[in-house]
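Comments concern the structure below.
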Amino acid sequence: MRKRVSVIVAGVGAGLLLVGASVQAHHAFSAEFDANRPVRLEGKITRMEWINPHAWMHLDVTKEDGTVESWMIEAGPPGALVRRGWSRESVIPGTDVLVEGYQALDGAFRANGRDVTFPDGRRLFAGSSGTGAPLDGSDPTEAR
Amino acid sequence: MMKRLNWLPTAVALAAVLWLVPAPATAQDAAVARAFDGHPDLNGVWQAIGTANWDLQDHPASAGPVDTGAIGSVPPGQGVVVGNDIPYKPEALAQKQQNFENRWTDDPEVKCFLPGVPRATYMPYPFRIIQGDKKIMMLYGFAEANRTVHMDKATPEPAPIDTWMGRSHGNWDGDTLVVDVGGFNGEAWFDRAGNYASYSLHVVERYTPLGPNAMMYEATIEDPNVFTEPWTIRLPLYRRLEENVQVLEYKCVEFTEDLIYGHLRKEPTR
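Going line by line, the protein sequences match chains A and B. Note that this note's numbering gives residue 14 to position 14 of the first sequence, counting from 1, and the numbers run on in steps of one. Quick note, this note's numbering runs 144 ahead of the 1-based positions in the second sequence.
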């Protein structure tokens with residue numbers, strides 16, 4: 001199966017960022033990640049770090065030219081992920097997932113995870129609430 | 145109360161047998177301390193003696209980091225692996241050897257990470273067992289590791305997330321406490337020699353009293369990603385007999401801050 005990475009640079013996040021920036025959190029989305037660099041990554045999980053305050057998913061993404069990019073995806077705290085339906089078994093190394101999120105400001109292969117789609121079709125929110133991330137509809141708690 | 149009454153004829157019968165066949169080991173068994181529920185009483189402070197934390201296998205003395213001279217050298221030791229061989233898959237053996245080469249920097253113990261199971265048991269420090277009928281707690285000094293052994297689950301529950309210390313479920317097999325541990329994160333090593341496992345590690349521990357002040361510890365280690373077959377370590381644990389002995393906090397995180405983050409200080413320390 002061919003893996004595809006499409007990095008879509010969109011301007012839509014810019015206006016939303018202004019709204020989100022007012023939300024205070026223990027650390028701000030905008031300090032590390034770029035709302036103007038949404039990413040959509042199809043890859044294989046190599047490792048899941050279930051650590052507080054943010055879990056990290058490590059993902060190998062094979063590009064069309066065959067090269068492999070190793071991405072780190074920042075997720076919410078382990079407790080919140082488990083309550084949303086994530087489990088140890090759902091992220092066993094080797095699992096294919098689709099990650100949507102926003103790339104790091106410095107352009108590294110690091111992203112703030114928003115939605116993760118699993119092989120069984122489940123699409124679960126990966127992020128933290130209240131960090132000032134773009135209001136893109138991923139976070140079920142923001143829809144009010 | 146019923147248990148007590150039922151136990152009495154057995155004890156009388158056992159005493160009769162002992163009188164006929166006075167085998168020293170059996171005589172010791174009879175002296176196993178009992179908890180309120182009739183199971184062996186494992187409450188107290190225990191410790192392994194030996195060099196398993198240096199290397200689970202037979203090993204000669206060897207040099208440590210140059211600056212530390214004999215203090216940092218590796219003491220010789222007899223292995224605790226039954227049969228001494230660890231059945232690594234070929235690629236895993238290569239990883240173990242790489243771990244060994246980089247042991248002075250890559251061993252998670254260097255950075256005060258949690259020791260995992262079974263390593264927590266045979267680190268050279270005391271640990272405390274607090275025994276209930278539904279839960280048994282094990283408290284270790286190093287990195288303040290601890291674990292709850294769930295005695296009240298009919299079948300082991302899957303670990304919600306993976307962790308350094310895993311998830312422990314226990315039951316009694318006669319006088320032996322059997323603990324099934326899974327849900328590991330695969331980061332822990334077994335010793336300072338680079339023996340390791342992955343997230344698919346599954347450990348079955350057996351704590352068998354040998355008398356009031358000693359028990360035999362066995363851990364069968366299974367990990368299809370790393371080993372071709374299960375293997376077992378076996379070593380005795382001894383009760384610490386000092387009056388008022390305590391497991392003291394060994395908060396080692398602060399001792400590693402400059403090691404890990406010293407280069408980030410305003411005036412770098414490393």
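Backbone N, C-alpha and C fix where the C-beta goes; we use that ideal spot for every residue, glycine too.
A distance below 7 Å between beta-carbons, with the five flanking residues on each side excluded, links residue 223 of chain B to the following residues of its chain, in chain order: 200, 201 and 202.
Using a Cβ distance threshold of 7 Å, residue 351 of chain B and residue 321 of chain B count as a contacting pair. Taking all protein chains shown into account, residue 74 of chain A has 16 or more neighbouring C-beta atoms within 10 Å of its C-beta and is therefore buried. Fewer than three beta-carbon pairs drawn from the region 38 to 46 of chain A and the region 268 to 287 of chain B are found closer than 8 Å, and the two stretches are therefore not classed as touching. The secondary-structure analysis by DSSP pairs residue 313 of chain B across a beta bridge with B:294 and B:324.
Residue 405 of chain B sits exposed, since fewer than 16 C-beta atoms from the chains shown fall within 10 Å of its C-beta. When secondary structure is reduced to three states using DSSP, residue 240 of chain B falls in the helix class. Boundaries of the beta strand (DSSP E) harbouring residue 102 of chain A: 96 to 104, taken from the DSSP string. Chain-order list of chain A residues neighbouring residue 187 of chain B: empty, with the shortest C-beta distance near 32 Å, by a criterion of under 7 Å. In this structure, the CA atom of residue 81 of chain A is about 17 Å from the CA atom of residue 93 of chain A. Within the region 40 to 115 of chain A, complete beta strand (DSSP E) segments of at least 3 residues are found at 56 to 62, 68 to 74 and 96 to 104, given in chain order. Under the DSSP assignment, residue 352 of chain B falls in the beta strand (DSSP E) whose first and last residues are 346 to 355. Residue contact check for residue 367 of chain B against chain A: no CB pair falls below 7 Å. For residue 28 of chain A and residue 377 of chain B, the gap between their C-alpha atoms comes out near 48 Å.
If you draw a straight line from the Cα of residue 63 of chain A to the Cα of residue 195 of chain B, it is about 48 Å long.
Among the CB atoms of chain B, none fall inside 7 Å of the CB of residue 56 of chain A. Only exposed fits residue 85 of chain A, as fewer than 16 other CB atoms lie within 10 angstroms of its CB.
Fewer than three pairs of CB atoms, one per stretch, sit closer than 8 Å, so the region 274 to 294 of chain B makes no contact with the region 361 to 371 of chain B. The beta-carbon distance between residue 289 of chain B and residue 252 of chain B, rounded to whole angstroms, is 12 Å. This is too long to meet the 8 Å contact definition. Around the C-beta of residue 193 of chain B, fewer than 16 other C-beta atoms lie within 10 Å, and the residue is accordingly described as exposed. Residue pairing by DSSP places residue 281 of chain B opposite B:274 and B:292 in a beta bridge. Residue 34 of chain A carries a strand assignment under DSSP once its states are collapsed to helix, strand and coil. Taking a beta-carbon distance threshold of 7 Å, residue 214 of chain B does not count as an interface residue toward chain A. With a contact defined as Cβ atoms closer than 8 Å, residue 79 of chain A and residue 126 of chain A miss out at about 14 Å.
Counting only runs that start and end inside the region 248 to 273 of chain B, the alpha helix (DSSP H) elements of at least 4 residues fall at 263 to 266. The C-beta of residue 50 of chain A comes closer than 7 Å to at least one C-beta of chain B. Selection A:105, A:98 and A:51 evaluated against residue 114 of chain A yields A:98 as nearest (Cα-Cα).
Residues of the region 91 to 122 of chain A that bring their beta carbon within less than 8 Å of a beta carbon in chain B comprise 92 and 93, in sequence order. When 9 Å is used as the limit between beta carbons, residue 343 of chain B is near these residues of chain A: 47, 48, 88, 92 and 93, in chain order. Taking CB atoms only, residue 300 of chain B has no neighbour in chain A less than 7 Å away.
For a cut-off of 8 Å, the C-beta gap from residue 216 of chain B to residue 208 of chain B is around 3 Å, short enough to register as a contact. Taking 7 Å as the cut-off, the Cβ atoms of residue 122 of chain A and residue 72 of chain A do not count as close. Each of A:89, A:105, A:58 and A:131 was checked against the Cα of residue 120 of chain A, and the nearest Cα belongs to A:89.
For residue 118 of chain A, no alpha helix (DSSP H) run applies, since DSSP gives it neither H nor E.
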